[in-house]
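Down below is the structure, laid out as structure tokens.
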């Protein structure tokens, strides 16, 4: 990862929250992403770059409707206080592969 890109991501999204393997529709094996609050990236998976954008927590916490939607999508959450950026990613992500938005089927 280029250090300049990492600095830009941290400026816009805060420090990296975690690295997590995520299942992506159309791919047999999970892909490892660096997760930020509102952005996730896999810089090189078999020669391709994967980016995901999704609402940041400050937006989620200000919207009862968005929190309710996350509660519906992610069934293992017991209360709104448990909602995390990973839950926002699951409910509201937009995936880009090599800079091109992937439309879900």
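Numbering (this note's numbering), first residue to last: 12 to 116. Don't be surprised by glycine CBs; every beta carbon is placed ideally from N, CA and C. No experiment lies behind these values; they were computed from the predicted model shown.
- DSSP, reduced to helix, strand and coil, places residue 46 within a strand of the structure shown.
- For residue 107, the secondary structure class from DSSP, reduced to helix, strand or coil, is strand.
- Bounds of any alpha helix (DSSP H) do not take in residue 40, whose DSSP letter is neither H nor E.
- Nearest to residue 41 by alpha-carbon distance, out of 48, 32 and 61, is 32.
- Straight-line spacing of the CA atoms in residue 82 and residue 51 works out to 21 Å.
- Residue pairing by DSSP places residue 30 opposite 45 in a beta bridge.
- In its chain, beyond the 5 residues on either side, 46 have a beta carbon closer than 6 Å to the beta carbon of residue 29.
- Boundaries of the alpha helix (DSSP H) around residue 79: 75-84.
- Counting only the Cα atoms, residue 65 lies some 19 Å from residue 86.
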